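Following the UniProt record's numbering, the numbering of the sequence shown begins with 1 at its first residue and continues without gaps.
From the three backbone atoms N, C-alpha and C, an ideal C-beta is built for every residue, glycine too.
Remember, predicted model here, so these are calculated numbers, not experimental data.
Written out below as C-alpha cells is the structure these notes cover.
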Amino acid sequence: MRPRDEEFGGMTAGDLFFRLETWVETGVLRALDLALARFVHMQCGETDPAVLLAVALTSERNAHGHVCLDLEGTQRNPDALLARLRNDVDKAEEVRRDLPGLLAPLRITDWIARLSRSPAIDSKLVPDTAIEATEVTEGEDQSPLVLHGTPERPLLYLRRYWRDEQRIRAGIDRRLEDAIELPEEDVKGLLDPLFAPAPGSDAQVDAWQRVACALAARNAFAVITGGPGTGKTTTVVRLLALLQGLSMGRGEPPLRIRLAAPTGKAAARLNASIAGQVADLPLDAIAEGERIRAEIPTQVTTLHRLLGPIPDSRHFRHHAGNPLPADLVVVDEASMIDVEMMARLLDALRPEVRLILLGDKDQLASVEAGAVLGDLCQRAREAHYRPQTADWLQRVTGQPIPSIHLDPEGRPLDQAIAMLRRSYRFKPEGGIGALAELVNAGMLDQRPVTDRLAALKSLFERQQSDLDAQLGRIAAIRLRDTQDTSFDDLVRDGYAGYLRLMRDGRPDDQADRQTLDDWASAVLNEHAGFQLLTALRQGPWGVEGLNRRIIDVLSTGDEPLLQPRANPAQTFANASEGWFAGRPLLVTRNDYGLRLMNGDIGIALEVPVRQTDGAVRRVLRVAFPSGDGTGGIRWILPSRLMAVETVFAMTVHKAQGSEFIHTALILPDTPNPVLTRELVYTGITRARKTFTLLYSQDHVLADALNRRVERVSGLALALTGAPRDAADRQ
Ligand SMILES: Nc1ncnc2c1ncn2[C@@H]1O[C@H](COP(=O)(O)OP(=O)(O)OP(=O)(O)O)[C@@H](O)[C@H]1O
1 MRPRDEEFGG
11 MTAGDLFFRL
21 ETWVETGVLR
31 ALDLALARFV
41 HMQCGETDPA
51 VLLAVALTSE
61 RNAHGHVCLD
71 LEGTQRNPDA
81 LLARLRNDVD
91 KAEEVRRDLP
101 GLLAPLRITD
111 WIARLSRSPA
121 IDSKLVPDTA
131 IEATEVTEGE
141 DQSPLVLHGT
151 PERPLLYLRR
161 YWRDEQRIRA
171 GIDRRLEDAI
181 ELPEEDVKGL
191 LDPLFAPAPG
201 SDAQVDAWQR
211 VACALAARNA
221 FAVITGGPGT
231 GKTTTVVRLL
241 ALLQGLSMGR
251 GEPPLRIRLA
261 APTGKAAARL
271 NASIAGQVAD
281 LPLDAIAEGE
291 RIRAEIPTQV
301 TTLHRLLGPI
311 PDSRHFRHHA
321 GNPLPADLVV
331 VDEASMIDVE
341 MMARLLDALR
351 PEVRLILLGD
361 KDQLASVEAG
371 AVLGDLCQRA
381 REAHYRPQTA
391 DWLQRVTGQP
401 IPSIHLDPEG
411 RPLDQAIAML
421 RRSYRFKPEG
431 GIGALAELVN
441 AGMLDQRPVT
451 DRLAALKSLF
461 ERQQSDLDAQ
471 LGRIAAIRLR
481 DTQDTSFDDL
491 VRDGYAGYLR
501 LMRDGRPDDQ
511 ADRQTLDDWA
521 SAVLNEHAGF
531 QLLTALRQGP
541 WGVEGLNRRI
551 IDVLSTGDEP
561 LLQPRANPAQ
571 TFANASEGWF
581 AGRPLLVTRN
591 DYGLRLMNGD
601 IGIALEVPVR
611 QTDGAVRRVL
621 RVAFPSGDGT
631 GGIRWILPSR
641 LMAVETVFAM
651 TVHKAQGSEF
661 IHTALILPDT
671 PNPVLTRELV
681 YTGITRARKT
691 FTLLYSQDHV
701 LADALNRRVE
711 RVSGLALALT
721 GAPRDAADRQ
C-alpha cells in the first residue's frame with residue numbers, strides 16, 4: 001500500500017515539478033535532470049513525487065561524477081547535494097530549505113518501498129550479506145532506472161551506468177576467480193636478475209616494486225598504484241619481461257601486449273619513458289634476454305584508439321563480438337578512466353586476457369561518472385594480503401610481507417593490488433614530495449584547521465632556504481587579487497622563455513622546413529617549462545579570466561612579448577579566443593582526421609609561405625609535436641582546429657596525465673566545492689621540479705585541504721565490501 005501522501009508533504013507530481021523548476025533556475029539542477037523526471041512521469045506513468053525526486057537527483061549526481069544516487073546518504077546529509085548552490089542567486093534560501101524539507105518526513109524504508117513499486121525502476125536490492133556473491137543478470141526488464149545495493153545502502157542508477165558497473169564487476173571478478181599457477185622457480189629465476197641493481201647504476205632494491213611485479217604476474221587482473229616517480233613504469237616493464245620470459249620458457253609464442261592510456265598526452269608521456277626503460281632492462285643474465293626485449297612493445301596508444309572508435313558514435317570496433325587481438329593490456333594513468341570507458345575496455349577483452357592498471361589512486365578522477373581506480377584501491381595502503389598470498393610472494397621475491405599488511409579475511413581483489421610507496425623523483429624530507437604527502441595522506445586529518453594551515457605554511461617556509469633540487473622546490477605566494485603584481489611577475493617569468501625564443505629565434509623568410517621544425521620544437525619545449533593551473537573555468541580566477549589577464553600582462557610593460565592586436569579585426573576583449581603568434585592552444589576533443597588528441601598542446605607561430613607570385617607572406621600555423629617519437633612537428637591551419645582553447649591557464653582536470661617543469665596552482669578567493677584535497681594534490685604532482693601555490697585567502701586554502709572528492713558507486717561496495725565514508729562527500 002502506498003504510504004500516505006502527507007509523508008511527502010501531500011504534494012503531487014505537478015507540485016514537485018513546479019518546485020524543481022526553481023531548482024533549475026538557481027542552477028542546482030540541470031534542465032536535463034528535470035526533463036528525465038518528467039519523462040519518467042509521462043512515459044512510465046509514475047506519479048509518486050518521492051520517486052520522481054529520486055530520478056531527478058540521480059541524474060544530477062551523474063553530472064557531478066557519481067555513478068548513482070546514495071539514498072541513505074542523501075537523506076542523512078541532504079546539504080551535500082546543495083553544495084553547489086550559490087548564495088548570491090535569487091531564491092537560493094528557498095531551495096536550500098526545500099530538499100531537507102522534502103526528505104525529512106520520508107523514512108528510508110518507505111522511500112525504498114515506493115521506488116521498488118515504481119514501473120520506472122527495476123528493483124534488484126540484495127541482502128547485505130549477499131552483495132559479494134550475487135550474480136546480477138540483465139534480464140528482460142528495460143526500465144530506465146535500477147535500484148541496487150543493499151537495504152542498508154540502497155543505490156539508484158540510470159540503467160546505463162548500472163549496466164556498465166555490472167560489466168566491470170563481472171570482468172574483474174572473472175579474472176580474480178583463481179590465481180594463475182606459475183612455476184615458482186622460474187618466476188624467482190627471472191625476478192632476481194630483473195630487479196638486481198646493475199653495477200654502477202643508482203637503482204635501489206625496492207621490495208614493493210618486486211612484490212607488485214610478482215603479484216601482478218599471478219593475476220589476470222591487477223593494479224599497481226603509487227604516487228609520482230614511485231616506479232610504476234619501471235615495475236611494469238619488468239613485469240612484461242617476466243611474463244614474456246615465462247611464456248617463451250614454456251615454448252609458447254610471445255604474448256601480444258598492448259599499452260594504452262586514457263589521453264593522448266598521457267600516452268605520449270608513457271611512450272617517452274617506456275622506450276628508455278625497455279632499452280635499459282637488465283637482461284644479460286637471462287636466457288634469450290634479447291628476444292624478450294624485442295617482444296616488449298614501446299608504442300603506447302590512447303584507449304579510444306585501442307578500441308577503434310567508430311566516427312559519430314559512442315561505439316567501438318572492438319567489443320565482445322569482435323574482441324581485441326591481445327593477450328595482455330596495460331593501461332597507464334588509470335585514475336582517468338570513467339565507468340563507461342572501463343566497461344567498454346572489459347567488453348573488448350576476451351575473458352582470459354590479462355589487464356593491468358597503473359595509476360595514482362589519489363589523483364582526481366575523470367570528470368565523467370565514476371572513479372574506478374579510486375574504488376578499486378580503497379584498501380591499497382593497508383594491503384590485506386592473505387597468508388597464502390604473502391607466503392607465495394615471499395617464496396618468489398624473497399621479501400617477507402610485514403604483518404600489518406596481512407589479513408586472513410582479505411578479499412580476492414586485495415590479492416591483486418600493490419601500492420608502491422617510495423618516490424624516486426622526490427625525496428620525502430621536504431619540497432614537492434613532502435608537500436604532496438602532507439596534502440594527500442590524511443596526515444592533516446587529526447589536526448584543527450589552523451594547525452593544518454600552519455603545517456603547510458611552515459613546509460613552504462622551510463623550503464625557501466633549501467635549494468636542494470632533488471627535493472623539488474616549492475613556494476607559496478599570497479595574492480591580493482588577480483591584479484596583484486606578484487601574479488604578473490610569476491606569469492611573465494614563466495612564459496617569457498618560449499615567447500622570447502619565438503621572437504628571437506624566428507627563422508628568416510628563406511628558411512627550409514627543417515629549420516622551421518627545429519625552431520617550433522625548441523619553442524614547444526621551452527613552453528612545457530611552465531604552466532599555470534586553476535580549479536575553475538569561469539570568473540577572474542578561472543581559465544577564462546586568467547587567460548585574458550595573462551594576455552594583458554604579456555602584451556604590456558617594458559617588454560611586450562605578445563601582440564594580440566596584430567590582427568586588426570580582433571578586439572582586445574576577445575583576445576583569448578582570437579589568433580595571435582605565441583597563442584598556446586589546448587585541444588579539447590579528439591580529432592582523428594587531424595590526428596590530434598584531447599589534451600595535446602600546440603602553439604600558433606608565424607611562418608613564411610611563398611605565394612604563387614613568388615612573394616613571401618607570413619601566416620599563422622599551429623605547431624604540434626608529431627607525437628610519433630621522432631621529435632617532428634605537424635603544422636596545422638588555425639581554421640581547421642575545431643575544438644581548441646587558449647591555455648595560458650589550464651584546469652587541473654585537463655592537466656591530468658601531463659607534467660610541467662614548473663607548475664603553479666592558483667586558488668580562487670572564495671570557497672568552492674570543486675576545491676578538494678585531490679585537486680590540490682593533482683596540481684602539486686604535475687610539477688617535475690618547481691611548484692608554486694598562489695592563493696589569496698587562508699580559509700579557502702583550509703577549505704580545500706578539508707574537502708575530499710567522494711564519488712558514489714556500487715563498485716567499491718561490491719568489490720571490497722567497504723563503502724567509502726560518506727561523511728564528507730561532496
Ligand atoms: N628502485 C629504483 N631505484 C632507483 N631509481 C628508480 C627505482 N625505481 C624507479 N626509479 C627511477 O625513478 C624514476 C621514476 O620511475 P618511473 O618512471 O618508473 O615511475 P612512475 O611511477 O611510472 O612515474 P610517473 O609518476 O611518471 O608515472 C625513473 O627515473 C626511474 O628510473
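Note to self: Can you determine whether any heavy atom of ligand 1 sits closer than 7 Å to the C-beta of S247, and answer yes or no?
What the structure shows: Start at 1 with the first residue of the sequence shown, and residue 247 comes out as number 247. Checking every heavy atom of ligand 1 against the Cβ of S247, none is found closer than 7 Å.
Next item on the list: Compute the Euclidean distance between the alpha carbons of V289 and P197, then round it to the nearest angstrom.
Entry: By 1-based counting over the sequence shown, the position of residue 289 is 289. By 1-based counting over the sequence shown, the position of residue 197 is 197. Sequence check: residue 289 is Gly here, not Val. In a straight line, the C-alpha of G289 is about 16 Å away from that of P197.
Next item on the list: Report yes if the C-beta of T230 is less than 7 Å from at least one heavy atom of ligand 1; otherwise report no.
Entry: Here residue 230 refers to the residue found at position 230 when the sequence shown is read from its first residue. Yes, Cβ of T230 sits closer than 7 Å to a heavy atom of ligand 1.
Margin query: Is T670 a contact residue of ligand 1, with contact defined as CB to any heavy atom under 7 Å?
Written below: The sequence position of residue 670 within the sequence shown is 670, counting from 1. Because no heavy atom of ligand 1 lies under 7 Å away, the Cβ of T670 does not count as near it: no.
Check: Counting Cβ pairs closer than 8 Å, one from the stretch 659-679 and one from the stretch 396-410, do we hit at least three?
Finding: no
Next item on the list: Locate the beta strand (DSSP E) running through D122, then write down its first and last residues.
Entry: The residue given as residue 122 occupies position 122 in the sequence shown. Here the beta strand (DSSP E) through D122 covers I121 to S123.
Note to self: Here's the rule: buried if 16 or more other CB atoms are within 10 angstroms of the residue's CB, otherwise exposed. What is V278?
What the structure shows: Start at 1 with the first residue of the sequence shown, and residue 278 comes out as number 278. Classification for V278: buried.
Margin query: A50 and L156 - do their beta-carbons sit closer together than 8 Å?
Written below: On the sequence shown, residue 156 is found 156 positions in, with the first residue counted as 1. On the sequence shown, residue 50 is found 50 positions in, with the first residue counted as 1. Going by C-beta atoms, L156 is not nearer than 8 Å to A50.
Checklist line | Member of S59, L147 and D327 whose CA lies at the smallest distance from the CA of S247 | finding: Locating residue 247 in the sequence shown gives position 247, where the first residue counts as 1. Taking only the C-alpha atoms, the option nearest S247 is D327.
Item checked: Start-to-end residues for the beta strand (DSSP E) that takes in M42 -> Position 42 of the sequence shown, counted from the first residue, corresponds to residue 42. Unbroken run through M42 is the alpha helix (DSSP H), A31 to C44; no beta strand (DSSP E).
Check: D362 to P228, Cα distance in whole Å?
Finding: For the purposes of this step, residue 362 is identified with residue 362 of the sequence shown, where counting begins at 1. For the purposes of this step, residue 228 is identified with residue 228 of the sequence shown, where counting begins at 1. About 11 Å.
Check: What residue from A454, L435, R707 and L453 has the CA that sits closest to R473's CA?
Finding: What you label residue 473 is simply residue 473 of the sequence shown in a count that begins at 1. Selected option, being the one with the closest Cα: L435.
Next item on the list: Within 10 angstroms of the Cβ of L456, are there 16 or more other Cβ atoms? Answer buried if so, exposed if not.
Entry: Taking the first residue of the sequence shown as position 1, residue 456 is located at position 456. Burial state of L456 is buried, judged by a 10 Å Cβ sphere holding 16 or more other Cβ atoms.
Next item on the list: For my contact list, I603 and R583 are in at a C-beta cut-off of 8 Å; report their separation, rounded to the angstrom.
Entry: In the sequence shown, counting from the first residue as 1, residue 603 sits at position 603. In the sequence shown, counting from the first residue as 1, residue 583 sits at position 583. About 7 Å; that satisfies the 8 Å criterion.
Margin query: Pairs of beta-carbons, one from the stretch 665-681 and one from the stretch 421-439, closer than 8 Å: are there three or more?
Written below: yes
Notebook entry, point to check: Ordered along the chain, which non-local residues of its own chain (more than five positions away) have a Cβ less than 6 Å from that of C213?
Noted result: Position 213 of the sequence shown, counted from the start, is the residue given in the question as residue 213. Excluding sequence neighbours, C213 sits near T235, R238 and L239.
Next item on the list: Note the first and the last residue of the continuous beta strand (DSSP E) segment covering P608.
Entry: By 1-based counting over the sequence shown, the position of residue 608 is 608. I601 to R610 is the span of the beta strand (DSSP E), which, as asked, contains P608.
Notebook entry, point to check: According to DSSP, which residues form a beta bridge with F316?
Noted result: Along the sequence shown, read from residue 1 onward, the residue named residue 316 stands at position 316. DSSP lists P309 as partners of F316.
Check: How about D192: is its Cβ closer than 7 Å to a heavy atom in ligand 1?
Finding: Counting from one through the sequence shown, the residue named residue 192 turns up at place 192. Result no, Cβ not under 7 Å from ligand 1.
Check: Taking the alpha helix (DSSP H) that K654 falls in, what are its first and last residues?
Finding: Translated into the one-based positions of the sequence shown, residue 654 becomes position 654. Element bounds for K654: V652 to A655.
Next item on the list: Check whether the Cβ atoms of D164 and E340 sit closer than 8 Å, and answer yes or no.
Entry: Along the sequence shown, read from residue 1 onward, the residue named residue 164 stands at position 164. Along the sequence shown, read from residue 1 onward, the residue named residue 340 stands at position 340. Contact flag set, yes.
Margin query: So, for N706: in the same chain, excluding its five sequence neighbours on each side, which residues have a beta-carbon less than 6 Å away from its beta-carbon?
Written below: Within the sequence shown, numbered from 1, the residue matching residue 706 stands at position 706. Within the same chain, N706 has no close Cβ partners at all.
Note to self: Between G545, P560 and W519, which has its C-alpha nearest Y495's C-alpha?
What the structure shows: Within the sequence shown, residue 495 is the residue found at index 495, counting from 1. Checked all of G545, P560 and W519; the closest Cα to Y495 is P560.
Check: Would you call the stretch 254-265 and the stretch 300-309 in contact, with 3 or more CB pairs under 8 Å?
Finding: yes
Check: Where G593 and P311 are concerned, what is the direct C-alpha to C-alpha distance, given to the nearest angstrom?
Finding: As a first step, residue 593 is located in the sequence shown; it is residue number 593 there, counting from the start. As a first step, residue 311 is located in the sequence shown; it is residue number 311 there, counting from the start. Each residue's alpha carbon lies about 10 Å from the other.
Notebook entry, point to check: In angstroms, rounded to a whole number, what distance separates the CA positions of V652 and P193?
Noted result: As a working mapping, residue 652 is identified with position 652 in the sequence shown. As a working mapping, residue 193 is identified with position 193 in the sequence shown. The alpha-carbon atoms of V652 and P193 are separated by roughly 40 Å.
Checklist line | Spatially closest choice to D488 from D552, P608 and G430, by CA coordinates | finding: Taking the sequence shown and counting its residues from 1, the one referred to as residue 488 is at position 488. Measuring from the Cα of D488, the nearest candidate turns out to be D552.
Next item on the list: Figure out for me which residue from T692, I257 and L71 has the closest Cα to the Cα of V331.
Entry: Locating residue 331 in the sequence shown gives position 331, where the first residue counts as 1. Of T692, I257 and L71, the residue nearest in Cα terms is I257.
Note to self: Any beta carbon from chain D within less than 8 Å of L501's own beta carbon?
What the structure shows: The chain labelled as chain D is not found in the depicted structure, where only one protein chain is given.
Next item on the list: Evaluate H41 with the Cβ neighbour count: other Cβ atoms within 10 Å of its Cβ, from every protein chain shown; 16 or more gives buried, anything less gives exposed.
Entry: Counting from one through the sequence shown, the residue named residue 41 turns up at place 41. That one is buried.
Check: Which runs of the alpha helix (DSSP H), 4 residues or longer, sit entirely within the stretch 332-379?
Finding: 339-347 and 372-376
Check: With burial defined as no fewer than 16 other Cβ atoms inside 10 Å of the residue's Cβ, what is the status of D338: buried or exposed?
Finding: The count along the sequence shown starts at 1 and reaches residue 338 at position 338. D338 comes out buried.
Next item on the list: Ignore the nearest five residues each way along the sequence and tell me which others in T682's own chain have a CB closer than 7 Å to its CB.
Entry: Translated into positions along the sequence shown, residue 682 becomes position 682. Here the set comprises Q363, L364, V652 and Q656.
Next item on the list: Please state whether DSSP places P584 in a helix, a strand or coil.
Entry: Residue numbering aside, residue 584 sits at position 584 when the sequence shown is read from its first letter. Three-state DSSP puts P584 in a strand.
Item checked: Length-filtered (3 minimum) beta strand (DSSP E) runs lying within the stretch 389-462 -> 417-420
Check: Cβ-heavy atom distance between D206 and ligand 1 below 7 Å?
Finding: Counted from its first residue, the sequence shown places residue 206 at position 206. Yes, the Cβ of D206 comes within 7 Å of a heavy atom of ligand 1.
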